[in-house]
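Novice: Using UniProt numbering, read the sequence shown as starting at 1 and increasing by one per residue.
Take a look at the following structure, please.
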Amino acid sequence: MPPRFRRYLPLYLAGVIATVILIWIIFRPSTSPLPPKPPQLPPIQELPPPELSILAKPPDWSQLNQFRDCISRNDFETLLSEVFTTSDSWKKFIQLEENSVEIAVDDFQPHGKITIPFADPAAVEKPTRFWRAATDLAPYPDGKPLDGLKIAIDPGHIGGDWAKMEERWFVLGTGTPVMEGNMTLTVAKLAKPLLEQLGAKVTLVRDKTEPVTSLRPEALMELARKSSPDAGPEEIRKIAERLFYRTAEIRARADLVNDTIKPDLVLCLHFNADAWGNPNQPTLTDHSHFHVLVNGAYNSDEVALADQRYAMLHKIFQGIHREETLVGTTVASVFAERTGLPAYHYSADSPNVRQVGQNPYLWARNLLANRLYDCPVIFLEPYVMNSIHDYARIQAGDYEGMREVDGKQQASIFHEYATALVEGLSKHYAATRTPQ
Numbered sequence: 001m002p003p004r005f006r007r008y009l010p011l012y013l014a015g016v017i018a019t020v021i022l023i024w025i026i027f028r029p030s031t032s033p034l035p036p037k038p039p040q041l042p043p044i045q046e047l048p049p050p051e052l053s054i055l056a057k058p059p060d061w062s063q064l065n066q067f068r069d070c071i072s073r074n075d076f077e078t079l080l081s082e083v084f085t086t087s088d089s090w091k092k093f094i095q096l097e098e099n100s101v102e103i104a105v106d107d108f109q110p111h112g113k114i115t116i117p118f119a120d121p122a123a124v125e126k127p128t129r130f131w132r133a134a135t136d137l138a139p140y141p142d143g144k145p146l147d148g149l150k151i152a153i154d155p156g157h158i159g160g161d162w163a164k165m166e167e168r169w170f171v172l173g174t175g176t177p178v179m180e181g182n183m184t185l186t187v188a189k190l191a192k193p194l195l196e197q198l199g200a201k202v203t204l205v206r207d208k209t210e211p212v213t214s215l216r217p218e219a220l221m222e223l224a225r226k227s228s229p230d231a232g233p234e235e236i237r238k239i240a241e242r243l244f245y246r247t248a249e250i251r252a253r254a255d256l257v258n259d260t261i262k263p264d265l266v267l268c269l270h271f272n273a274d275a276w277g278n279p280n281q282p283t284l285t286d287h288s289h290f291h292v293l294v295n296g297a298y299n300s301d302e303v304a305l306a307d308q309r310y311a312m313l314h315k316i317f318q319g320i321h322r323e324e325t326l327v328g329t330t331v332a333s334v335f336a337e338r339t340g341l342p343a344y345h346y347s348a349d350s351p352n353v354r355q356v357g358q359n360p361y362l363w364a365r366n367l368l369a370n371r372l373y374d375c376p377v378i379f380l381e382p383y384v385m386n387s388i389h390d391y392a393r394i395q396a397g398d399y400e401g402m403r404e405v406d407g408k409q410q411a412s413i414f415h416e417y418a419t420a421l422v423e424g425l426s427k428h429y430a431a432t433r434t435p436q
């Protein structure tokens, strides 16, 4: 071996040994056990959506946080159990604590709740709302007790070419067809200038016999099929029509009221009726009556629907019932006095109605319009369209002054409706507000 190579042999051997050791370290078998496999998680399942009314959107429960300290425990419980519900089914979703209320915000997550503190009765804060009670309004100038009051008039139904579809149409012989949607619009247009003369700012939710909604029955056929999969074609068509004029139409009006008009008060104008059977050969009755409706009396099925439960709580927290009752009481009293109409009475065992106080004319019901409109709503149901006497007045049409109708001197039924309503509102606000 050459001396030169011998000199570098130790370094060469050291390099080889180091390389072998490094390779062994890298590739040696592990003596420690492998880490356990993570447990296999079950596949993620989406929770079903909350139970909702048809065409309703899921509520934003966080909006209730704005009503902290806005109502006492006693007032909340009284309204909830004695006005807004007809059974104790609400206890499944609403739990009363000593100083707060716990509200279930998810039908499928028992721990998903929102807590709203109750107010000390001596320190109740004013709730957030766009409408103003009569006591919130500034002093009014002489002769204008409605000064500054924002009123939306909602003429019930649609009328015109839609009246037959709505089933608010009948004709007797060669008489003028009776169409509730046309009649309520006539009253609305008579009431508007009378209210404005007293200082109110008045908007009609509709001012013609056309729908507010852009939807039509054809667009709702698929929804109708899904809602009643066993129904035949004719029944599906009828369901789609009802979804149009009963549901989509009122929801469109609610969007207009809540997002654009933002009134202090909504007046829902209707005419009552008894079952008339064949609209081309209607049955006439010999009686008439009158009542006013405010929101309330949610039955157990309605409380179980998330959107309706939310709307109910929203109204309780805002203090809407108090204002509706105060206005409705005066309007009902004046209306009954001016028209002589007796009170309508619901069946004592009805599961979806409550009498308000001891007032025979004032009742609470959960109707789509008075639920969706986010402010006080006075819902009027005077006269009976197929009453012998009211029918004669309807056939006489609208006119000024007095005229002999049905054997006696009478004002136009439309003028009587409008003036009695306006007088009732004038009396209430004049008595409640402070004059300048």
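The beta carbon of each residue, even a glycine, is placed where N, CA and C say it ideally should be.
Quick check on this structure: which residue in Ala-248, Asp-106, Asp-274 has the alpha carbon closest to the alpha carbon of Tyr-344?
Specialist: In the sequence shown, counting from the first residue as 1, residue 344 sits at position 344. Of the listed residues, the one whose Cα sits closest to Tyr-344 is Asp-274.
Novice: Taking only three categories from DSSP, how would you classify Tyr-417?
Specialist: For this step, residue 417 is matched to residue 417 along the sequence shown. Of the three classes helix, strand and coil, the one that applies to Tyr-417 here is helix, per DSSP.
Novice: Which residues mark the beginning and the end of the beta strand (DSSP E) in which Val-266 is found?
Specialist: Position 266 of the sequence shown, counting from 1, holds the residue named residue 266. Its beta strand (DSSP E) spans residues 265 to 269.
Novice: Tell me whether the beta-carbon of Leu-79 lies closer than 7 Å to the beta-carbon of His-321.
Specialist: The residue you call residue 79 lines up with position 79 of the sequence shown. The residue you call residue 321 lines up with position 321 of the sequence shown. Result yes, Cβ atoms of Leu-79 and His-321 sit closer than 7 Å.
Novice: Measuring straight from C-alpha to C-alpha, what distance separates Val-282 and Asp-406?
Specialist: Counted from its first residue, the sequence shown places residue 282 at position 282. Counted from its first residue, the sequence shown places residue 406 at position 406. Reading the sequence as shown, one finds Pro at residue 282 and not Val. Between Pro-282 and Asp-406, the C-alpha separation is close to 19 Å.
Novice: Which residues in the same chain have their Cβ closer than 6 Å to the Cβ of Leu-372, if we skip the five residues on either side of it in sequence?
Specialist: As a working mapping, residue 372 is identified with position 372 in the sequence shown. Ala-254, listed in sequence order.
Novice: What did DSSP end up calling Thr-432 once you bin it into helix, strand or coil?
Specialist: Against the sequence shown, residue 432 aligns to sequence position 432. Thr-432 falls in the helix class under three-state DSSP.
Novice: Span of the alpha helix (DSSP H) holding His-291?
Specialist: Along the sequence shown, one-based indexing puts residue 291 at 291. His-291 -> not in any alpha helix (DSSP H); beta strand (DSSP E) instead, spanning 290 to 295.
Novice: If we ignore side chains and look at the alpha-carbon of each, how far apart do Thr-339 and Leu-313 end up?
Specialist: The residue given as residue 339 occupies position 339 in the sequence shown. The residue given as residue 313 occupies position 313 in the sequence shown. For Thr-339 and Leu-313, the distance between alpha carbons rounds to 36 Å.
Novice: Taking its Cβ as the centre, do 16 or more other Cβ atoms sit within 10 Å of Met-402, making it buried, or is it exposed?
Specialist: For the purposes of this step, residue 402 is taken as residue 402 along the sequence shown, with counting starting at 1. Answer is exposed; the Cβ neighbour count stays below 16.
Novice: Using CA coordinates, which residue listed in Cys-375, Val-422, Ala-418 is at the minimum distance from Pro-127?
Specialist: Taking the first residue of the sequence shown as position 1, residue 127 is located at position 127. Closest option to Pro-127, Cα to Cα, is Cys-375.
Novice: With a threshold of 8 Å on Cβ separation, who are the neighbours of Val-83 within its own chain once the five nearest residues in sequence on each side are excluded?
Specialist: Position 83 of the sequence shown holds residue 83. Taken in chain order, the residues that qualify are Gly-296, Ala-297, His-321, Arg-354, Val-356, Ala-364.
Novice: Between Asp-161 and Asn-74, what straight-line distance do the alpha-carbon atoms span, to the nearest angstrom?
Specialist: Residue mapping note: residue 161 aligns to position 161 of the sequence shown, counting from 1. Residue mapping note: residue 74 aligns to position 74 of the sequence shown, counting from 1. As the crow flies, the alpha-carbon of Asp-161 is around 50 Å from that of Asn-74.
Novice: Quick one, are the C-beta atoms of Leu-265 and Pro-155 less than 7 Å apart?
Specialist: If you number the sequence shown from 1, residue 265 lands on position 265. If you number the sequence shown from 1, residue 155 lands on position 155. The answer is no: Cβ separation not under 7 Å.
Novice: May I ask you to report which of helix, strand or coil DSSP gives Gln-66?
Specialist: Taking the sequence shown and counting its residues from 1, the one referred to as residue 66 is at position 66. DSSP places Gln-66 in helix when its eight states are reduced to three.
Novice: Determine, using beta carbons only, whether Ile-153 and Leu-204 come nearer to each other than 7 Å.
Specialist: Here the question's residue 153 lines up with position 153 in the sequence shown. Here the question's residue 204 lines up with position 204 in the sequence shown. Yes, they are a contact pair.
Novice: If you draw a straight line from the alpha carbon of His-428 to that of His-287, how long is it in whole angstroms?
Specialist: Counted from its first residue, the sequence shown places residue 428 at position 428. Counted from its first residue, the sequence shown places residue 287 at position 287. C-alpha separation (whole angstroms): 29 Å.
Novice: Buried or exposed: which applies to Tyr-399, given that a residue is buried once 16 or more other Cβ atoms fall within 10 Å of its Cβ?
Specialist: Stepping through the sequence shown from its first residue, residue 399 is reached at position 399. Tyr-399 should be labelled exposed.
Novice: Express the C-alpha separation of Thr-434 and Val-124 in angstroms, rounding to a whole number.
Specialist: For the purposes of this step, residue 124 is identified with residue 124 of the sequence shown, where counting begins at 1. For the purposes of this step, residue 434 is identified with residue 434 of the sequence shown, where counting begins at 1. For Val-124 and Thr-434, the distance between alpha carbons rounds to 23 Å.
Novice: Leaving out five residues on either side along the sequence, give the residues of the same chain with a beta carbon under 6 Å from the beta carbon of Gln-409.
Specialist: Numbered from 1 along the sequence shown, position 409 holds the residue referred to as residue 409. The residues are Met-402.
Novice: Could you tell me whether the Cβ atoms of Pro-145 and Ala-430 are closer together than 7 Å?
Specialist: Taking the first residue of the sequence shown as position 1, residue 145 is located at position 145. Taking the first residue of the sequence shown as position 1, residue 430 is located at position 430. Yes; because the gap between Cβ atoms is below 7 Å, this pair is in contact.
Novice: Using CA coordinates, which residue listed in Thr-174, Ile-54, Asp-207, Val-422 is at the minimum distance from Ser-228?
Specialist: Position 228 of the sequence shown, counted from the start, is the residue given in the question as residue 228. If we check each option's Cα against that of Ser-228, Ile-54 comes out closest.
Novice: Within the same chain, show all residues whose beta-carbon is closer than 6 Å to that of Glu-423, passing over the 5 residues directly before and after it, in chain order.
Specialist: Translated into the one-based positions of the sequence shown, residue 423 becomes position 423. Closer than 6 Å at the Cβ level, and outside the excluded window around Glu-423, lie Val-334.
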